[in-house]
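Colleague:
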Amino acid sequence: MNTKIEWGIIGLGGIANKFATDLLLVENCTLEAVASRSLEKAEAFSKQYNSNNFYGSYEELLQNELVDIVYIATPHNSHERYTILALKHKKAVLCEKPFAINKKQVFKMIEASKNNQVFLMEAMWTRFNPSIKKIKKLIHKGEIGEIKYINADFSFKANTAIQRIYDKELGGGSLLDIGIYPVFLAYLLLGIPIEINAKAHFYESGADSQLAMLFNYKNAQAILFSSFNSTSKRIAKISGTLGEIIINMPWNETDSFSIQLNNEAEKFITLPTIGRGYSHQIMECNTCLQQHKIESDTWSHQNSLDLINLLDIIREEINLTYNEDIL
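At position 241 of the sequence shown the residue is numbered 267 (this note's numbering), and the sequence of numbers has no breaks.
1) DSSP three-state call for I161: helix, strand or coil?
2) Which one or two residues does DSSP pair with G266 in a beta bridge?
3) On the three-state DSSP scale, how would you describe E292?
4) Considering only DSSP beta bridges, list what V52 is partnered with.
5) Could you tell me the alpha carbon to alpha carbon distance between Y192 and N43, rounded to whole angstroms?
6) Would you mind stating whether A68 and F80 have Cβ atoms separated by less than 7 Å?
7) Have a look at T296 and E122 and give me their C-alpha separation to the nearest angstrom.
8) Residues in its own chain within less than 6 Å of N223 by CB, not counting five upstream and five downstream?
9) In the DSSP assignment, what residue or residues form a beta bridge with K259?
10) Rounded to whole angstroms, what's the CA-CA distance from I220 to K244? Just pull it up for me.
11) On the three-pair Cβ rule with 8 Å, is the region 176–189 touching the region 301–310?
12) Taking its Cβ as the centre, do 16 or more other Cβ atoms sit within 10 Å of L250, making it buried, or is it exposed?
13) Here's the rule: buried if 16 or more other CB atoms are within 10 angstroms of the residue's CB, otherwise exposed. What is F71?
14) State the Cα-Cα distance for the pair E290 and S282, rounded to the nearest angstrom.
15) For A126, report the span of its alpha helix (DSSP H) as first-last.
16) Just how far apart, CA to CA, sit M275 and I352?
17) Does Y97 get closer than 7 Å to chain C when you measure Cβ to Cβ?
18) Rounding to the nearest angstrom, what Cα-Cα distance links N345 and E230 in this structure?
19) What are the boundary residues of the beta strand (DSSP E) that includes Y97?
20) Spatial neighbours of F210 within its chain, please: CB distance less than 7 Å, with the 5 preceding and 5 following residues excluded, ordered by chain position.
21) With F145 and C314 assumed to form a contact (beta carbons below 8 Å), what rounded beta-carbon distance in angstroms separates them?
22) Nearest to T347 by CA position, among L201, T280, C311, R260, is which residue?
This is the structure we're talking about:
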């Protein structure tokens, strides 16, 4: 592999535009190729982000021998298919979250990574955010004592003209799309709960429009929420026996947080992201490829399995199923 990592992008929707913008800010990598089912869309995207090649099919991109790693930004229901296809072509993969629809699919994706000895990571970009990494270190050091409570949400008034939001065939619903973020935060800081309670409201399609979750741990609780029905400030709070950390809005892509220990003045910490913040997961992928790893130590295959398992449990709790659950 060359010292410069050559990227490809499969699926050229809104998230891919944000990703490509940040990719241009990262050193030692270039955008080699992009692919869409529409050749015209691929050509326009290629011109905007200055990729070397563009294709009207995903398979064509995977046949490009210069591509080292592909970012998969297609709808949720296709993540498993295109990830495994890319891995079989010996292309490393950064796949947009949720990694897949259910744990069964994620397990197959990880198996393909191991069988082909090719790098695979879920695009849980918040895990690589400088503020989130710092917060985790502070909590691990016992800065705010033992965590007792986490409160996090992700909520915005969605444009229901965007089909993927509510279309169950595409893996739509607030949980898989945005609820994954507060679930991730609770998992990152407290691990796997001993009990999960959840209640949801639904679209006519059967996909969840909003969802309230309670994670119960031995010595802590997390109250989590996701919604396409209303807008929140997206401020997360982490309360411990010695103080509290507040992650500033929007917490999942923040560049700052505050910490207030009991009876002390509040301290504000700013850790700017490079671009929107997708850049940090890109740098992690580049490093892993240079080191010939098949998974990240920071967000591992097991982390993705744990996270999708939590989402599966929540869906069982609210009786939300997808076609992929019975295939």
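Think of the CB as a built atom: it goes at the ideal place given N, C-alpha and C, for glycine as much as any other residue.
Modeller: With the structure as the only source:
1) When secondary structure is reduced to three states using DSSP, I161 falls in the helix class.
2) Per DSSP, I173.
3) If DSSP states are grouped into helix, strand and coil, E292 belongs with coil.
4) Under the DSSP definition of a beta bridge, V52 lacks any partner.
5) So the two alpha carbons sit approximately 22 Å from each other.
6) Going by C-beta atoms, A68 is nearer than 7 Å to F80.
7) Computed Cα separation, rounded: 27 Å.
8) If you ignore the 5 residues before and after N223, its C-beta comes within less than 6 Å of the C-beta of L240, all in its own chain and listed in chain order.
9) Partner(s): none; K259 has no beta bridge.
10) Answer to the nearest angstrom: the Cα atoms are 7 Å apart.
11) By the Cβ criterion, the region 176–189 is not in contact with the region 301–310, since fewer than three pairs of Cβ atoms, one from each stretch, lie closer than 8 Å.
12) It counts as buried.
13) The residue is buried, with at least 16 neighbouring Cβ atoms inside 10 Å.
14) Spanning the two alpha carbons is a distance of roughly 19 Å.
15) Premise fails: A126 is in no alpha helix (DSSP H) and is neither H nor E.
16) C-alpha separation (whole angstroms): 38 Å.
17) Among the chains of the structure shown, chain C does not appear; only one protein chain is present.
18) Going from the Cα of N345 to the Cα of E230 covers about 14 Å.
19) For Y97, the uninterrupted beta strand (DSSP E) segment begins and ends at 95–98.
20) Closer than 7 Å at the Cβ level, and outside the excluded window around F210, lie M150, T152, L333.
21) Under the criterion of beta carbons closer than 8 Å, F145 and C314 qualify as touching, at roughly 6 Å.
22) For the residues L201, T280, C311, R260, the minimum Cα distance to T347 belongs to L201.
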